[in-house]
Amino acid sequence: MSDDDPAYYNAWTSVMGPAQNQLLCAWHVIQNFKKNIRNKVHAKPQNEKEKILEKCVSLMGEQEEENFQRSAKLLLEELVEDPDTRELGDYLEKYYMKRANVWALCYRKHLGINTNMYLEALHKKIKYSYLNGKKVRRLDLAINVLMKITRDIVFERITKVAENVETTKMKISLSHVASETIDHCDIQFKTNSSWRVNSSTSGNYCKVTRSKTKCPVEYCPLSCT
1 MSDDDPAYYN AWTSVMGPAQ NQLLCAWHVI QNFKKNIRNK VHAKPQNEKE
51 KILEKCVSLM GEQEEENFQR SAKLLLEELV EDPDTRELGD YLEKYYMKRA
101 NVWALCYRKH LGINTNMYLE ALHKKIKYSY LNGKKVRRLD LAINVLMKIT
151 RDIVFERITK VAENVETTKM KISLSHVASE TIDHCDIQFK TNSSWRVNSS
201 TSGNYCKVTR SKTKCPVEYC PLSCT
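Under the UniProt record's numbering, the residues of the sequence shown are numbered 1 to 225, in order.
Written as C-alpha cells, this is what we have:
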C-alpha cells in the first residue's frame, strides 16, 4: 500500500518483485480528490465542491461491487454533463475509474487488511456526509449528528426489508442455509477438494471446488458452518 506516486511501487518491484495486490492509501486518495476538485472546478461555489467531494468519498467507501459500479456511472455522467465539472469527470474516469481495484474498498474486502473496514466507512460517512468535513467541538451537536445517522441507517434497513431487496450478504447467507438441506445422495465426492452436486430444480449439476482451507477474512460474519 502506498500513495499514487509510482516511484514507491517501482522501487518495491525492483527489489521484491511484482506485488500480488497494489493498493492506494485511502487518505492520499481523498487528498487527491480534494486537490483536483479545487484545481479543476472553478465556477462552482464552495458548498457545491464539498458535495462533489462527499460523493467521491462515499463512492470509495462503497461495500458492494454492484453498487459501486452503478454509483460510479451516475457520478461520472453527472460530472461530464455539467460544463463546470466536465474536466474533473474526465480526470476521474481516466485516472481512477479504470483502476478502481487499487482504491475502492469493495475490491479489497478479502485482503486481510480491512477487518475494521465497515467502521472506517461509517466514520467517513459521518465526517463528510453529516459534518461536512468540519470538526465538532460541541457535544450536543455531535450527539444530534449520531442520532440522525442512526435514524437514516434504520430507515434504510426498513426500506430494504419492505422492498425485499436482497443484498450480496443476504444471498450468501441464504445459500448457506439452502446448502444444509441438500440430500447427501445428491453429493458425489470427486477429489479431496472437489465435489459434484446435483441440482434440486433441474437435471444439471454443479462442480464445487474448495479453493482455501481457511477464510482469509478475520471475524467474517458470513463464515460457513
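Even for Gly, the Cβ is constructed at its ideal location relative to N, Cα and C.
How many angstroms separate the CA atom of residue i from the CA atom of residue j?
| i | j | result |
| --- | --- | --- |
| Lys134 | Glu48 | 15 Å |
| Glu87 | Ala104 | 21 Å |
| Lys73 | Arg108 | 20 Å |
| Pro45 | Ile37 | 11 Å |
| Asn146 | Gln188 | The sequence as given places Leu at residue 146; Asn does not occur at that position. Between Leu146 and Gln188, the C-alpha separation is close to 52 Å. |
| Asp82 | Glu180 | 52 Å |
| Asn116 | Cys185 | With a pLDDT of only 47 at Asn116, under 50, the local geometry of the prediction cannot be trusted, and the value read off the model is given with reservation. Rounded to whole angstroms, Asn116 to Cys185 spans 41 Å at the Cα level. |
| Asn39 | Lys127 | 23 Å |
| Asn67 | Thr168 | 10 Å |
| His123 | Leu141 | 16 Å |
| Glu156 | Phe33 | 27 Å |
| Ile172 | Ile182 | 16 Å |
| Tyr9 | Arg99 | 15 Å |
Determine, using beta carbons only, whether residue i and residue j come nearer to each other than 8 Å.
| i | j | result |
| --- | --- | --- |
| Thr209 | Ser194 | yes |
| Thr85 | Val57 | no |
| Gln63 | Ala121 | yes |
| Ala26 | Met60 | yes |
| Glu54 | Ser129 | yes |
| Val80 | Gly89 | yes |
| Arg196 | Lys207 | yes |
Helix, strand or coil for residue i per DSSP?
| i | result |
| --- | --- |
| Arg196 | strand |
| Gln188 | strand |
| Leu139 | helix |
| Asn114 | Per-residue confidence for Asn114 stands at a pLDDT of 48, beneath the threshold of 50, marking its modelled position as unreliable; no derived number is given. |
| Lys125 | helix |
| Lys35 | helix |
| Thr159 | helix |
| Leu24 | strand |
Would residue i be called buried (16 or more neighbouring beta carbons within 10 Å of its own) or exposed?
| i | result |
| --- | --- |
| Ala19 | exposed |
| Ile52 | buried |
| Val29 | buried |
| Leu24 | buried |
Indicate whether at least one CB of chain B lies closer than 8 Å to the CB of residue i.
| i | result |
| --- | --- |
| Glu78 | Within the model displayed, chain B is absent; a lone protein chain is all it includes. |
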